[in-house]
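Residue 0 is where the sequence shown starts when you use numbering that gives the first Met the number 0, and the numbers rise one by one after that. Glycine residues also receive a C-beta, built at the ideal position from the N, C-alpha and C atoms. From a predicted model like this one, the values you see are computed outputs, not experimental measurements. Some notes on the structure that comes next.
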Amino acid sequence: MDSLLELLFQPVLVFLGDVFHTCDSPRRTSRTAGGRGGSSGIQCSIRACKLPRTASAGGKTPLTTAEHIPTIVSTWSFGLRGHAVAWPGLAAGGSSLDAIVESCCAIERDEEIDSVGYGGLPDADGHMTLDGCVMTSPSSCGSVCCLRRHLHPVRIARMVMERTDHVMLAGEAADAFADREGESEAMLLSPTARTAWEQWRIDGTIPDQIGDAPRPVDQEGSGRLFSSARESDWRHHDTIGTLALDAAGRLAGGCTTSGAPFKLPGRIGDSPIIGHGLYVDPAVAAVTATGSGELVMGCCGSFLAVEAMRRGAGPVDAMLEVLSRIESDHTLTASHQVCLVALTADGALASVALRPGFRMSVSRADRHVAVDPDAILLPGS
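Here's what the structure looks like:
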């Protein structure tokens, strides 16, 4: 009997040991990949943060329900703040979609986070607009953008997904829809954000309509929320994307943002656009993006990564394909950053970044940690 029990539980014990060891101390190797203008030294870490596999090499054969371990992953280390709210329900058997909405709503309420929700920085005219989306499959997704009167775009995006035949609503019509569905209005511009905007108006200049992006003057930003000095370098790219896998094996994802600080009024980035900031194929993987939205939009970044996995690529290679495409298609500056996070249908985790500094939040098996990316396309930048 002892031998039988040992045989049954040994794979689980080995897996948990791998997760606890490698999520905190990822192993690093290096390799070289071509980029525009020469080769790029890609800094990689191979993390064993994945479930034991009974699926095929392509990862498309569903695992049995008992083998799914509830998991939440988010862009940036401050994503753990949202995980803390959503984790109890997910760990108790709740749905991945509920966990996504709860986690994102918690971030949207947090005034200390200056790129999402109530703490977000306004556009160049001082107006706050919020964008967000949710997705569980190509036939089940919802999105809203340019909300001005409601604090929780992800929750409203879920209403669009579940209560209409449409995918995306915009502007005042999206706010009116939220009113009809019973969503309460809220003040979106915090006193801190208004002060930052007023200071920007004094110390900076309103950009030319086709010139450079406005210059933020809040040099501290939300840096105190980050777990490393390098991560806080990208504090104004910190849109949050969150992915979850529940005990029943259901994938879900969500993105929420207030957009680029002091942006040109009316600007929409990648976050609320299905296939750009977020894409979920329940048979393959969920991917979300953060960083310079226009770069992601140029190649439908999240969709491209999932499609690469559908063709048989591993998560890291699939997301590096996106970054390589971005590098070859654009003239990058030092301010450009793009990061991608993947959670596959069989529970494998991965993240990549264009430049150093990004971290991914992971909640799994009662472990809540921020980890470095598996690969960095431009490690010396």
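At a Cβ-Cβ threshold of 9 Å, S360 and V368 count as neighbours. Cβ-Cβ distances below 8 Å link D316 to A307 in the same chain, with the five nearest sequence neighbours on each side left out; the list follows chain order. Taking H151 as the centre and dropping the five residues before and after it, the same chain places the C-beta of C104 and E107 closer than 6 Å to its C-beta, in chain order. Out of S138, S189 and R154, the CA that lies nearest to the CA of V166 is found in S138. A contact is defined here as three or more CB-CB pairs under 8 Å, and the segment 105 to 124 meets this definition with respect to the segment 259 to 266.
Only buried fits R154, as 16 or more other CB atoms lie within 10 angstroms of its CB. Per DSSP, the unbroken alpha helix (DSSP H) holding C103 starts and ends at S95 to R108.
Looking at S350, T256 and C298, the one whose alpha-carbon comes closest to that of V370 is S350. In the three-state reduction of the DSSP assignment, M134 falls in the strand class. Around the beta carbon of S327, a 10 Å sphere encloses fewer than 16 other beta carbons of the protein chains shown; the residue is thus reported as exposed. Contact between the segment 286 to 305 and the segment 323 to 342 is present: 3 or more CB-CB pairs across the two stretches fall below 8 Å.
For D280, the secondary structure class from DSSP, reduced to helix, strand or coil, is strand. In this structure, DSSP gives M127 a state outside helix and strand, which the three-state scheme calls coil. Of all C-beta pairs linking the segment 242 to 249 to the segment 91 to 98, three or more are shorter than 8 Å, placing the two stretches in contact.
I201 and R193 have their alpha carbons spaced roughly 13 Å apart. For R200, the enclosing alpha helix (DSSP H) starts and ends at P190 to D202. M167 has S142 as its beta-bridge partners, per DSSP. A direct Cα-Cα distance of roughly 42 Å separates T330 from D365.
At the C-beta level, I239 and T135 stay beyond 9 Å of one another.
Approximately 6 Å separates the beta-carbon atoms of C140 and M160; this is inside 8 Å, confirming the contact. In terms of Cβ geometry, G116 and S270 do not form a close pair [threshold 9 Å]. Excluding sequence positions up to five before and after G292, its CB lies within less than 6 Å of the CB of G268 and D269, all in the same chain and listed in chain order.
Here DSSP, grouped into helix, strand and coil, assigns H82 to helix.
From the listed residues Y278, V72 and G253, the smallest Cα separation to M296 is found for Y278. Comparing alpha-carbon positions, the option among L348, V143, C254 and R266 lying closest to V283 turns out to be L348.
In the DSSP secondary-structure assignment, C338 is bridged to T289 and A352. By the neighbour-count criterion, in which 16 or more other beta carbons inside 10 Å mark a residue as buried, E101 falls on the buried side. According to DSSP, C254 shares a beta bridge with C132 and G240. Here D178 is exposed, its C-beta having fewer than 16 other C-beta atoms within 10 Å. In this structure, the straight-line span from the alpha carbon of A173 to that of C132 is close to 12 Å. Between F77 and the set G92, V143, R358 and R363, the nearest pair of CA atoms involves R358. Rounded to whole angstroms, the Cβ separation of R310 and I68 is 26 Å, and the two are not in contact under 8 Å. In the three-state scheme derived from DSSP, where H, G and I count as helix and E and B as strand, I68 is classed as coil. Residue state for A364 is assigned as coil, using DSSP reduced to three classes.
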